[in-house]
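Below is one structure, written out as C-alpha cells, with a few remarks after it.
Chains as they are written, first to last, in my numbering: chain G, 2 to 115; chain F, 173 to 285.
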C-alpha cells in the first residue's frame, strides 16, 4: 500500500479565512488528484496533476487552487472559505507507470466552514 | 446524465445472505471498470477490477455487460465486515483525460447478525 498523508484531518474555520489542505506521499507517485465528497454522494474530481509543475482543473467547478512544486506534495488552497465549501476533501495518487485504477487515497480532510 | 449511476440502497441483509449490486455507465466507449469499497468516514479502497469475462475473488463476483452498459457485484455468504458503501467506478475512453476515474455515489450495505 502507498503512504499518502493528509493534514489536517478535521478543520472547523470561519467564513473568509484562507486555508491550505496538505497532501503528501512518500512513494514518488507522479499522478495526484483532489476529490470532493459530500455525505452519501459521489466523489467529484476538482484538481489533478501528472507531475511537477503540471496541474489541471477537474469536473467540479471549484474556487480552490493547487500547486505541484515537488513530487511529494500537492496542497489545495481556498483563498476565502465559505459555508458552501463544507465537505470532505480526499487526495489520491497513482504510482509512476501504474494504471489509473490503482488510486491510493489519503484519509481525507473534513472541512467545516461556519 | 451522470457518468455512473448506482442504486444508493441501503441494502440491509442478514449474515450469510447473498446480495447483488448493479450500476450503469453512460459512455459506451469506457475502457475499464472497478468496484471500490468505502467504510464510513474512511477513504475509498480498490476492491476488485471488472473484466468482460466476469471475475471472482473469494466471495465476490463481478460481471460486466458492455451491450447494456451494466456492471454488477455479487457478494455471497455476507459477513458483518462487509458492511460498507460499494462504489462503482469507470475509466473513461482512451483519448480523454488520462488517469481519471468516474465514481458512482455508492450503494450502502449493512449486514446484521
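By construction, the Cβ of each residue, glycine as well, lies at the ideal position given by its N, Cα and C atoms.
- For residue 215 (chain F), the nearest beta carbon of chain G is closer than 8 Å to its own beta carbon.
- Closer than 8 Å at the C-beta level to chain F, one finds no residue of the stretch 65-82 of chain G.
- Between residue 96 (chain G) and chain F, the shortest Cβ-Cβ separation is not below 8 Å.
- Assigned with DSSP and collapsed to three states, residue 179 (chain F) falls in coil, not helix or strand.
- Here residue 31 (chain G) carries a coil assignment [DSSP, helix/strand/coil].
- Among the bridge pairs identified by DSSP, residue 47 (chain G) is matched with none.
- Cβ-Cβ distances below 7 Å link residue 16 (chain G) to 82, 83, 84, 114, 115 in the same chain, with the five nearest sequence neighbours on each side left out; the list follows chain order.
- For the 8 Å CB-CB criterion, residue 10 (chain G) and residue 96 (chain G) do not form a contact.
- Below 8 Å, too few C-beta pairs join the stretch 192-199 of chain F and the stretch 35-48 of chain G to call them touching: fewer than three.
- The beta carbon of residue 184 (chain F) is closer than 6 Å to those of 282 in its chain, skipping five residues each way along the sequence.
- Shortest Cα-Cα distance from residue 51 (chain G) to any of G:6, G:27, G:67, G:32 involves G:32.
- The Cβ of residue 28 (chain G) sits no closer than 8 Å to any Cβ of chain F.
- In this structure, residue 259 (chain F) and residue 208 (chain F) form a Cβ contact; the two beta carbons are roughly 4 Å apart against a cut-off of 8 Å.
- Taking 8 Å as the CB threshold, residue 37 (chain G) stays off the interface with chain F.
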